[in-house]
Amino acid sequence: MTNLPRKILVTSALPYANGSIHIGHLVEYIQTDIWVRFQKLRGHQCYYVCADDAHGTPIMLRAQKEGITPEELIARFNIEHQADFVDFAIQFDNYYSTHSPENQHFSNLIYKSLKEGGHIERHTICQFYDPVKEMFLPDRFIRGECPHCGAKEQYGDHCENCLKTYEPTDLKNPVSAISGETPIEKDSEHLFVNLSNFEAMLREWTGSGALQPEVLHKIGEWFETGLKAWDIFRDPPYFGFEIPDEPGKYFYVWLDAPIGYMASFKNLCDRKNVDFDEFWGKDSQAEVYHFIGKDIQYFHCLFWPSMLTAGGFRKPTAVFVHGFLTVDGEKMSKSRGTFINARTYLNHIKPEYLRYYFAAKLGNGVDDVDLNLDDFLQRVNTDLVNKFVNIASRCVKFITSHFEGKMASELADTALYQQFIEEGDKIAEAYESRDYNKAMRYIMALADRANQYIDTHKPWTMVKQAENKAELQAVCSQGLNLFRVLMGYLAPVLPLMVNQVEAFLAAKVFWQPEPLLAHTINPYKPLITRIQKKQIDAMIEASKESLATPSKKTPPSSVTETISYEDFAKVDLRIARIIKAEHVEGAQKLLRLTLDVGEEKPRNIFAGIKDAYAPEQLTDKLTIMVANLIPRKMRFGLSEGMVLAAGPGKKDIFLLGPDEGAKPGMRVK
RNA sequence: GGCUAUGUAGCUCAGAUGGUUAGAGCGCGGCAUUCAUAAUGCUGAGGUCGGUGGUUCAAUUCCACUCAUAGCCA
């Protein structure tokens, strides 16, 4: 490419400063880091900044709980986060915090511009208030019964049972999750940003190619339903920035979080003498990109451009949205050990394996990425070790032991080398458009070609024939040169291996390099070893353990009052065989079970175990049921009894079963 | 409940503006090979493209409904 160097600023979303980085976060940081490294490798001026998102109620409460100040808490997580990123070879040009003077400056500036531009309005809102803690309660800190289906222990904004959303004040029997008190309703005057003032600008910008088509579809929903005013105000106690002319009141964390991108960059500019306005000025010609997860599209695609416009800044060139991480096809789960912290991973497996695996799977859409643990093992071992690194290790020994490390002075097959170089354009295009999976496919196809080349020339036969010495040197040098080209293509993904390769080749790794001719290399050490299944198993085990320690979770409920045997005997428990289990159309939690209880006709039962069991897992299983429960009419039909299970709910439900030998219909006594 | 995505071989994913035998890698089988961390090369077997219904001469590709998965509902 002969283009002039581009000026690019890149950000990843700011991790919240009250928890550890986990492999779900890493999808984004690895995706971004690869892109940034690619841009730098291609000679562009590219900066990558990030920061901890340090404000908000959860941080305040956690600090209180630990008996430290919020500042101490966020300082601790800042150190932990940075260590995790460094060890995953994620190379920020600056990693900062939203609790910084720069951020306060820009937050005030943007707020002032919003106000002067007439975009701020005041409304009195009624919220739940915890009379004991003396604070307004965010939705997530209120529990109660769902106003729609009556399910207990639901959050203030939505019901996990019927999936409906509502206002916290709609909840029945609400309780503060912080103090356990019944909250009272209390009025408070809040400041709102009138988003609809920005509608014309937003429609133009979102349609300008700054967003992926899927994201644009989703954003369309907001325009259709009408842009609502955005509450940027929080009552004390709160950990955040005080609003300049509203003493004792605070900016909502989501106001100053994206501003944290600018603040982190400003901090970098001041230290490194970079021109801030060249990137953020209204008429900036530089490129600005935000990598984010699909959960925070709204903030970045509507609020953020509006704030920037009001503040007199430029808007992002594009927002790149990615999907979520699943492990073995399911959401990360602490009980299954698939909620893996960055540090736990690092304790067992090298970071570059995950970097490669994510690269091999990431496209430019918003699809979720699945970490399939078996696939991870096979894919990384085969692609990286068997295919790629193998090219070097099968050539290098001939060069070192027969030619004192000296490579041939001419290429054996210039056409092949040239083909490898030319593929670079396609690979670059794939990286540029964040189609890393495509890039990895191209690269691995080339690795296959290199292995085929060596296979057809058979250096191991040449070595036995003295007259073929020169050819032996030429073929192996060709192999090493091809390897070096591929290392250049993989450099954004495997930056640590690049260092090792440069050391043994005694030459730099570039994008589309000139071949090494008559060049002397250093002794070779294996670059990478295969992942062992036991490493993965150990990592999963460790993830189970690390969750087990904070057993602050719900303690087992205490045993209820004693009853007489007669009372117990009234419950007719029977062994039942599950003849059939099936999904119930329209039901979020239920499975329909057909049970053989030794009666003439099978029983029909609805059980709320859908999250924990797939129907096919249940067929033919024996379990225990209450056979004399009054049949209950449900929306989906009559339920003639109840199966017994233990556990807190959702995925953690464990159906009871009898030991072998029990027959359907037997009474449990 | 509304909205946005996703659902293609055992696994992970490509792909087709509707049209002859739906692609790749991994895994698996066979053969060859031994330079390489048992790696490599050749070759083979695997799919009614989530389900139902509709439009069409023709649908996995369009439409409707439905099921499953993820996210959002400020």
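Numbering follows the numbering used here, with no gaps: position 35 of the first sequence is 45. Heads up, the beta-carbon is just placed ideally off N, CA and C, and yes, glycines get one too.
Might you give, ordered along the chain, the residues of its own chain that have their beta carbon closer than 6 Å to the beta carbon of residue i, omitting 5 neighbours on each side?
i	result
alanine 460	Ile401, Leu492
histidine 300	Thr21, His310, Pro326, Val329
glycine 128	none
threonine 336	Asp378, Asp380
tyrosine 248	Tyr260
aspartate 606	Arg587, Ile589, Pro612, Pro674
For residue i, I'd like the list of residues in its chain whose CB is within less than 8 Å of its CB, leaving aside the five on either flank, ordered along the chain.
i	result
glycine 373	Arg444, Asp445, Tyr446, Asn447, Lys448
threonine 629	Ile588, Ile589, Lys590, Ala591
glutamate 209	Phe233, Leu237
isoleucine 634	Leu583, Arg584, Ile585, Ala586, Val653, Leu654, Leu666, Gly667, Pro668, Val678
Spatial neighbours of residue i within its chain, please: C-beta separation below 7 Å, excluding the five flanking residues on both sides.
i	result
phenylalanine 386	Tyr367
phenylalanine 408	Pro469, Val473, Leu482, Cys486
valine 508	Met497, Ala501, Val519
arginine 150	Tyr165, Gly166
phenylalanine 48	Tyr441, Pro502
For residue i, count neighbouring C-beta atoms within 10 Å of its own C-beta (all shown protein chains included) and say buried if the count is 16 or more, exposed if not.
i	result
glutamine 307	buried
glycine 53	exposed
leucine 527	exposed
aspartate 435	exposed
tyrosine 355	buried
histidine 133	exposed
glycine 219	exposed
valine 581	exposed
serine 294	buried
isoleucine 260	The amino acid occupying residue 260 in the given sequence is tyrosine; isoleucine does not appear at that position. Buried, because 16 or more other Cβ atoms sit within 10 Å of the Cβ of tyrosine 260.
alanine 656	exposed
asparagine 283	exposed
asparagine 357	exposed
alanine 425	exposed
serine 419	exposed
valine 390	buried
aspartate 140	buried
leucine 14	exposed
leucine 648	exposed
phenylalanine 578	exposed
From residue i to residue j, what does the alpha carbon distance come to, in whole angstroms?
i	j	result
histidine 35	phenylalanine 275	21 Å
histidine 91	isoleucine 31	6 Å
proline 315	lysine 304	17 Å
tyrosine 26	asparagine 118	21 Å
valine 653	serine 110	56 Å
proline 257	cysteine 56	40 Å
phenylalanine 98	valine 46	14 Å
glycine 489	aspartate 338	37 Å
asparagine 478	valine 519	30 Å
serine 561	leucine 265	Residue placement at serine 561 cannot be trusted, given a pLDDT of 38 that sits under 50; the coordinates are not used to answer.
leucine 181	alanine 239	24 Å
glycine 651	valine 678	15 Å
proline 193	isoleucine 130	29 Å
phenylalanine 289	asparagine 113	17 Å
leucine 583	asparagine 638	8 Å
isoleucine 453	tyrosine 499	7 Å
alanine 370	methionine 450	6 Å
asparagine 104	asparagine 277	8 Å
asparagine 532	valine 406	10 Å
isoleucine 302	leucine 394	28 Å
glutamate 252	histidine 115	12 Å
leucine 600	tyrosine 623	10 Å
serine 107	aspartate 94	16 Å
methionine 417	threonine 410	9 Å
arginine 213	arginine 324	16 Å
methionine 272	glutamate 512	36 Å
glycine 671	lysine 631	12 Å
Identify every residue that forms a DSSP beta bridge with residue i.
i	result
arginine 132	Leu201
aspartate 140	Met145
aspartate 180	Aspartate 180 pairs with nothing; no bridge assigned.
tyrosine 299	Val20, Ala328
histidine 168	Thr175
Sequence ranges, beta strand (DSSP E) only - wholly within the stretch 186-273, length at least 3: Listed in chain order, the complete beta strand (DSSP E) runs (minimum 3 residues) inside the stretch 186-273 are 194-203, 256-261.
Sequence ranges, alpha helix (DSSP H) only - wholly within the stretch 582-632, length at least 4: With a minimum length of 4 residues, the continuous alpha helix (DSSP H) runs that stay inside the stretch 582-632 are 625-628.
Beta strand (DSSP E) runs wholly inside the stretch 329-386, at least 3 long, in chain order: Runs of the beta strand (DSSP E) inside the stretch 329-386: 335-337, 379-381.
Secondary structure, alpha helix (DSSP H): runs of 4+ residues fully inside the stretch 29-107: 33-51, 67-76, 80-97
Secondary structure, beta strand (DSSP E): runs of 3+ residues fully inside the stretch 405-470: List check, beta strand (DSSP E) in window: nothing returned.
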